[in-house]
Every structure is written in C-alpha cells, then in structure tokens.
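In mature numbering (1 follows the signal peptide of the UniProt record, and there is no 0), the protein residues as written are -17 to -1, 1 to 390.
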Ligand SMILES: *[C@@H]1O[C@H](CO)[C@@H](O)[C@H](O)[C@H]1NC(C)=O
Ligand SMILES: *[C@@H]1O[C@H](CO)[C@@H](O)[C@H](O)[C@H]1NC(C)=O
Ligand SMILES: *[C@@H]1O[C@H](CO)[C@@H](O)[C@H](O)[C@H]1NC(C)=O
C-alpha cells in the first residue's frame, strides 16, 4: 500500500512538472480550489463582475468537501454568500451552475422547501446557525450579499501576471511584427485568448494601465476569419460588432472588445507564455562546433513546427537571382499554420509561392509579391512547401514568417 502511494505521488509530481499549484491575486487554496471571500455585500451581477476582474467566477459547489470549503472561508465574518448557481424554476434540475457544467441535480445543499424561485432565482449559501451549509434563494436584483469567487489554480512562476498556467506581459508600442519578435524573446507569442474569463482578466489589467488598446496575437484577414499566431484553436472571440474592419490585426481594449488595426501601426501589446518556461537571454557560452549561420533556414532539409523562416539576410535585403525552398512539417494529426509577419518583395518580379504539401508539385496555395500586411495560411495536411525567388535586379527586405502546429 505504501509502495503504491509513493509511486502515485511520484507520478503526480511528474505529471505537474514538479511545480507546486498556486493561487494568485490573494486567492487561497482550500481543498484544491482557489477561493477568495469578498465580504462587502454586492448585488448578484455586481458580485459576478467583481469575480471576473480576476478572471474568476462565483464559486461552484459540486460536493460536500467544496460545500464545506465555502463555509470554512466565510468563517464567522459573513452569514450568507452568493454562489454561482441560478434557478430557472423551483426544481433542482432547473438550477444551473455558472460554469456551464449543468444543473445541481448531482449535488445540492438546498434547505428544505428550496429551491423556491418566488423568493428569487439566485442562490446563496447560509453559513450560520441551524441553516449553516444550506442554500436558499435570494432576489438577484434587490438583495446584496457577500460572495466567494473561484479562480483556476496555476503553477508557480515569478511573473507579475500569472493566470491559468500562463504568464502575461504588457509592453510599450511597436508594430505587430516587432511585437511578436519581442514576445518570442520572452519565450512566448503575442497573446491568444480562449475564454471570456481570460479576456476579462486581461482587459481589467489594461484598464489599470495608461494605454487602452493592446495588440493580441490574431491574424484577422476578414471579419469572419481569425487565426492565432501561437497555433492555438480559434474557439472564442469578442470582436466588437460595431467597429469597422480597419486592418488585419486585432487589439484588445480595456472595454473587453476586440478592435481591428492596421498591422503596421505602432500599438502597445500583450505577450503570453507558459508558466515556468525558461528562456536564455544570453547565448550559451561554449559553442562546440561552429555551424555556419543560416538563420533564414533557406534550403534546410526538413523544418519541424514550431519555427521561423525568412528570406536570405533578413532583416537586410535579399540578393539578386536567389532561390530558396523551405519544407515545413508537423507531426500526427496537426496541420501547418504559417504566418507572414513582414512581407515586402519587388512587385511582380520577386515571388514567394506556398504549396499545400511537401514539394513544388503539390497544389499551390498562393503566389505572392509586393508589400503585404501580415497574413496567415494553413495546410490541409502535415506538410507545407515554400519557395522564394528573386530576379536579376532590385532587392527588398523580403519576408519574416513563423510556423506552428495547428488543429
Ligand atoms: C454543507 O456544509 C455544511 C457545513 O460544513 C454542512 O453542515 C452541510 O450539511 C453540508 N451540506 C451537504 C449537503 O453536504
Ligand atoms: C537552394 O537550392 C537551390 C537548388 O535546389 C539552388 O539553386 C540555390 O542556389 C540554393 N540557394 C541558396 C541560397 O543556397
Ligand atoms: C507566380 O506568379 C508569376 C506572375 O504571374 C509567374 O510568373 C510565376 O510563374 C508564378 N510562380 C509559380 C510557381 O506559379
């Protein structure tokens, strides 16, 4: 038995990369949940908003242990607390958790005679006396109560903004392409956003800063298409319905909505990286075999995602009569997503061609020249093939692109 426990705990340690789970923003870890008591009474929707400033939600209570945690955090200071449950009718199966996990049918602690929506549709947890630990209904609009927020735990990291396994940093204005390069120096990317909680968390930080609109890592060629530079799935957006599509890049505003911007305009920006990822800010001291530098990856054999390709000599101009090919690949069921951050070649004479496959005989996805805003392409399979060809005269800066695995 003891042997099993040791093996199990070793497994648990390696599964979490041996980093302790932590709660940020003054939340406390109680029975594996990050909770924080707000003892100043507020209406139900104001309570929810307060939680969301931290990227948190009103607490959900799925079992007796969690029910006990709520009573415990309230201690003797608050006699009742809003929880994240809303009843559409006086029937437990019609009382739904805010985190969209369904109804309270599986576990509830309603006092007898409850739920009772004639009194109110919102639910609070009573902490004292014979009703201690029981839930009652309260009017969402007129009653004010203390409340408990629940935040997803994260891993330990010394960064200032640590949320749900990621560190965020906020920077002074740069163009979209420059911003991504700076984020990469921090081992991250321009931020992708995947939930309304994450969105609210970031915009509430922005509202405390002096700038109000920040680049996020989206390529946004048209109102209906939005892809993330870090290769993550586009599963959430908060595009402002009222703002015109003024450019291919997206800004997160302090009002939570996403606005468009020309990618060449200089804007502050948000970077995102995984917690605990280490970045070498200085190159390693010992180089064993000096390899000829080929930062462009021109003509290298096979490039696995994630990676970077550029035209020869970038950011300086490429030469005349150059030809380069780049074979980009990813494993398993992923696809290759390629993002051109900078693109400027001699219009109609120096071309970049992208193929949906592993060679120049695969179907052509595009043939590009001239100056272009950042744009993105995604292959249908594991491979993408890119060629660059310049003619005998007139050279430009060329291109700088990133590729990632994409679902
Ligand atoms: C909820 O917690 C309180 C306090 O710990 C306890 O008295 C009550 O019985 C619990 N309810 C349920 C259904 O477990
Ligand atoms: C890349 O390879 C092609 C032949 O496949 C060659 O013509 C070209 O000069 C090479 N480019 C560079 C920059 O070495
Ligand atoms: C790309 O377009 C140019 C101009 O239309 C054309 O000359 C060139 O052959 C094209 N390249 C490929 C590989 O299709």
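Backbone N, C-alpha and C fix where the C-beta goes; we use that ideal spot for every residue, glycine too.
Inter-residue Cα distance where the pair is residue i and residue j
i	j	result
residue 127	residue 230	44 Å
residue 115	residue 16	21 Å
residue 37	residue 64	18 Å
residue 167	residue 320	17 Å
residue 307	residue 278	13 Å
residue 365	residue 155	37 Å
residue 108	residue 118	5 Å
residue 47	residue 223	41 Å
residue 90	residue 134	21 Å
residue 170	residue 242	26 Å
residue 136	residue 147	6 Å
residue 83	residue 69	11 Å
residue 160	residue 381	13 Å
residue 85	residue 49	17 Å
residue 258	residue 194	25 Å
residue 34	residue 3	24 Å
residue 337	residue 245	24 Å
residue 78	residue 187	29 Å
residue 179	residue 132	16 Å
residue 163	residue 173	6 Å
residue 395	residue 384	The requested residue 395 is not part of the displayed model; the chain covers only -17 to 390.
residue 93	residue 39	24 Å
residue 270	residue 351	Low per-residue confidence applies at residue 270: pLDDT is 43, beneath 50, and the placement is therefore not dependable, though the value from the model is reported in the following sentence. Straight-line Cα distance between these residues: approximately 38 Å.
residue 388	residue 305	28 Å
residue 165	residue 20	38 Å
residue 81	residue 60	25 Å
residue 249	residue 98	54 Å
Per-residue DSSP class, three states only, for residue i
i	result
residue 131	strand
residue 240	coil
residue 94	coil
residue 347	strand
residue 369	strand
residue 303	coil
residue 157	strand
residue 287	strand
residue 112	helix
residue 179	helix
residue 16	strand
residue 75	helix
residue 314	coil
residue 189	helix
residue 102	coil
residue 51	helix
residue 70	strand
residue 184	helix
residue 86	strand
residue 28	helix
One or two residues paired with residue i in a DSSP bridge
i	result
residue 199	233
residue 387	320
residue 23	Per DSSP, none; premise fails for residue 23.
residue 205	208
residue 325	383
residue 355	326
residue 149	146 and 257
residue 336	350 and 370
residue 172	255
residue 164	DSSP, once it has assigned bridges, lists no residue as partnering residue 164.
residue 309	369
Buried versus exposed call for residue i [16 or more other C-beta atoms within 10 Å across all chains shown]
i	result
residue 71	exposed
residue 454	This structure leaves residue 454 out entirely; the chain is present only between -17 and 390.
residue 124	exposed
residue 32	exposed
residue 287	exposed
residue 101	exposed
residue 422	No statement about residue 422 is possible, as the shown extent of the chain runs from -17 to 390 and does not include it.
residue 347	exposed
residue 266	Caution applies to residue 266, whose pLDDT of 43 falls short of 50 and renders its modelled position unreliable; the model cannot decide the point.
residue 113	exposed
residue 208	exposed
residue 390	exposed
residue 260	exposed
residue 228	exposed
residue 375	exposed
residue 357	buried
residue 331	exposed
residue 103	buried
residue 354	exposed
residue 316	exposed
Report task. Report yes or no: do the segment 190 to 205 and the segment 232 to 241 share at least 3 C-beta pairs separated by less than 8 Å? Result -> Short answer: they touch.
Query raised in the report: Do the segment 137 to 145 and the segment 20 to 29 touch if we need at least three Cβ pairs shorter than 8 Å?
Result: Taking a cut-off of 8 Å on C-beta distances, the segment 137 to 145 does not touch the segment 20 to 29, as fewer than three cross pairs fall below it.
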